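All residue numbers for the sequence shown refer to full-length UniProt numbering, where the first residue is 1 and numbers rise by one. Written out below as C-alpha cells is the structure these notes cover.
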Amino acid sequence: MSSSLVDASEARKARLLALRKRKAGADGDDAQDSEHPVKHRNFDPETRQLRKYAGEDATDTVERVVDGLAEKIIAEDAERRNQELDVFSIAPKRPNWDLKREMERKLAKLERKTQEAILLLTRQRLAAQKGQGQDEDILGAMNAQVRQQEAADSSDED
Numbered sequence: 001m002s003s004s005l006v007d008a009s010e011a012r013k014a015r016l017l018a019l020r021k022r023k024a025g026a027d028g029d030d031a032q033d034s035e036h037p038v039k040h041r042n043f044d045p046e047t048r049q050l051r052k053y054a055g056e057d058a059t060d061t062v063e064r065v066v067d068g069l070a071e072k073i074i075a076e077d078a079e080r081r082n083q084e085l086d087v088f089s090i091a092p093k094r095p096n097w098d099l100k101r102e103m104e105r106k107l108a109k110l111e112r113k114t115q116e117a118i119l120l121l122t123r124q125r126l127a128a129q130k131g132q133g134q135d136e137d138i139l140g141a142m143n144a145q146v147r148q149q150e151a152a153d154s155s156d157e158d
C-alpha cells in the first residue's frame, strides 16, 4: 500500500514538472526568470530595492480626497452656530398633535357606543316592520339598552 502512495506521489511530481516546463516554454522567459526571480511592480531588480512611488497624477489617494474637508465641515458648523436660532424650525408643524392623540382614545370608546346604538335602532326598526311581537321586542331592546348604559358607566368609572 505504501508503494502505491510513493508511486502516486512520483507521478504527480513528474506531471507538475512537465507543467512547469510547458508553461516556461510558452512564456519564453527562462533566462529572465533566473536573473530576476521576484517580479513585483514595486521592486527594482537592478538595485534590489523597493521602488518609490513616482507617479504623482496616477491615482487619487484618500488623503488628497479628504484634504481640506475637515476644515470645510468645521467652518460650516461654526456658521450654523453663529446663525440666529429660528423659533419656527423648533416648533412642531402641527401644534395640536398631542391633543389629537388623546382625543383618539376617547373617540374610540364613543365610536363603539355609536355602533352599538345604530345596531340597536336597526333591530328595533326591523322588528317594527315585521309587526310580530312588536311590544315585546321594543321592551326587550329598551331593557338591553339600559343594561348596556349601566355597564358602560361602570367601566368608565374604573
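All residues carry an ideal CB built from backbone N, CA and C; glycine is no exception. As the structure is a prediction and not an experimental result, all values here were calculated from the model.
query, result
"DSSP beta-bridge partners of Gln-49", "Asp-44"
"Secondary structure of Ala-31, DSSP reduced to three states", "Reliability fails at Ala-31, whose pLDDT of 48 lies under 50, so the model's placement of it is uncertain and the value that follows must be treated cautiously. Helix at Ala-31."
"Assumed close pair Ala-141, Gln-124 - CB separation to whole angstroms, cut-off 8 Å", "5 Å"
"Simplified DSSP assignment, three categories, for Thr-61", "coil"
"Local conformation of Arg-15 per DSSP, three classes", "helix"
"Close beta carbons around Ala-11, own chain, < 8 Å, minus the five adjacent residues each side", "none"
"Within the region 100-155, ranges of the beta strand (DSSP E) (whole runs, at least 3 residues)", "none"
"Alpha-carbon to alpha-carbon, Arg-147 and Trp-97", "36 Å"
"For Asn-82, the first and last residue of its enclosing alpha helix (DSSP H)", "69-82"
"Span separating the alpha-carbon of Glu-63 from that of Ile-74", "17 Å"
"Cα-Cα separation between Lys-23 and Leu-50, rounded to whole angstroms", "28 Å"
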